[in-house]
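In the working numbering, the protein residues as written are 1092 to 1161.
Every residue, glycine too, gets a C-beta built ideally from N, C-alpha and C.
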């Protein structure tokens, strides 16, 4: 997924999710990929729980697809 998702505002991301232009999984994948790419240079994370982040994103995606509020 495009790293450009990492530069959208929270409002823009919420709107994109609401209108199903992008999924929570897509966003989380993009953010995790960027974090992984930049971590060696920036050393900005002590712990990054990608597995838990992706599970939360999958749960949010299920809710969106079911029409439930997040």
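{"Asked": "Unbroken alpha helix (DSSP H) run spanning residue 1144, endpoints", "Found": "1141-1156"}
{"Asked": "Residue 1119 classed as buried or exposed, judged by whether at least 16 other C-beta atoms fall within 10 angstroms", "Found": "buried"}
{"Asked": "Pair within 8 Å by beta-carbon distance, residue 1124 and residue 1094", "Found": "yes"}
{"Asked": "Short Cβ contact (8 Å threshold) for residue 1096 with residue 1121", "Found": "yes"}
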